[in-house]
Amino acid sequence: MYVCRSYRVDFFFLMIRRPPRSTQSRSSAASDVYKRQGFLQFKPEFGKPEKNINRIKELISDTEFDLLVLPELANTGYLFTDKSELEELSEEISSSRFCDELLTICTDKNAYIVSGISERFENKFYNSSVLVCPDGKIFTYRKIHLFDREKLWFT
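Numbering (the working numbering), first residue to last: 230 to 384.
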């Protein structure tokens with residue numbers, strides 16, 4: 230694994246070499262050897278999910294990737310101070326505007342995105358990650374080892 234190139238200061242792009250599939254000839258496998266994987270490091274603004282998704286779209290607009298990883302709580306920002314903020318900003322994955330925007334990006338770029346999100350589900354709140362797929366599927370992981378003040382807000 231090696232760093233291939235960087236976009237702006239915020240985006241780092243990795244190329245991962247995979248072994249060719251044994252059923253393919255060398256020439257047909259050549260285009261399938263590399264997958265473009267990267268992470269976008271930016272500081273989500275607390276309480277401004279619309280601004281955060283717009284910033285993500287701006288930073289990756291001219292970038293091609295197969296898999297992109299976004300920060301923890303990329304939709305809301307990180308520092309909650311009371312339960313009312315959590316209630317206002319958390320989203321149900323199935324109706325999340327943030328996830329809908331990520332899905333649009335994934336579909337347009339035929340790529341996958343992993344992102345942190347403040348999730349609401351059945352009146353509980355989770356510090357979750359979603360894997361958004363270009364075929365419309367969204368998978369969710371809920372963080373179980375909460376750190377410090379996260380335990381005040383998340384299940």
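Ideal placement from N, C-alpha and C gives every residue a C-beta, glycine not left out.
DSSP bridge partner residues for residue i (one or two, in chain order)
| i | result |
| --- | --- |
| Leu296 | Gln266, Tyr341 |
| Arg371 | Ser357 |
| Phe271 | Its beta-bridge partners do not exist; DSSP assigns none. |
| Phe350 | Lys353 |
Spatially closest choice to residue i from the options, by CA coordinates
| i | options | result |
| --- | --- | --- |
| Glu351 | Pro278, Glu320, Ala303 | Glu320 |
| Lys390 | Phe327, Tyr307, Lys264, Lys272 | Any property of residue 390 remains undetermined from this structure, which presents the chain solely from 230 to 384. |
| Leu269 | Thr292, Ser324, Cys328 | Thr292 |
| Ile322 | Ile346, Lys272, Lys372, Glu287 | Ile346 |
| Glu316 | Glu348, Ile285, Glu279 | Glu348 |
| Glu330 | Gln266, Arg284, Thr384, Leu318 | Arg284 |
| Asn304 | Arg326, Leu288, Lys366, Ile367 | Arg326 |
| Thr384 | Pro273, Thr336, Tyr355 | Tyr355 |
| Thr336 | Ser324, Pro273, Phe294 | Phe294 |
Inter-residue Cα distance where the pair is residue i and residue j
| i | j | result |
| --- | --- | --- |
| Asn281 | His374 | 25 Å |
| Leu302 | Thr310 | 15 Å |
| Lys277 | Asp364 | 28 Å |
| Phe275 | Lys312 | 14 Å |
| Lys353 | Arg265 | 36 Å |
| Thr333 | Leu318 | 21 Å |
| Glu314 | Trp382 | 10 Å |
| Ser290 | Gly267 | 14 Å |
| Arg371 | Cys328 | 15 Å |
| Phe271 | Phe376 | 21 Å |
| Leu288 | Ser358 | 20 Å |
- Three or more C-beta pairs below 8 Å linking the region 342-352 and the region 289-298: yes
- beta strand (DSSP E) runs wholly inside the region 276-329, at least 3 long, in chain order: 296-298
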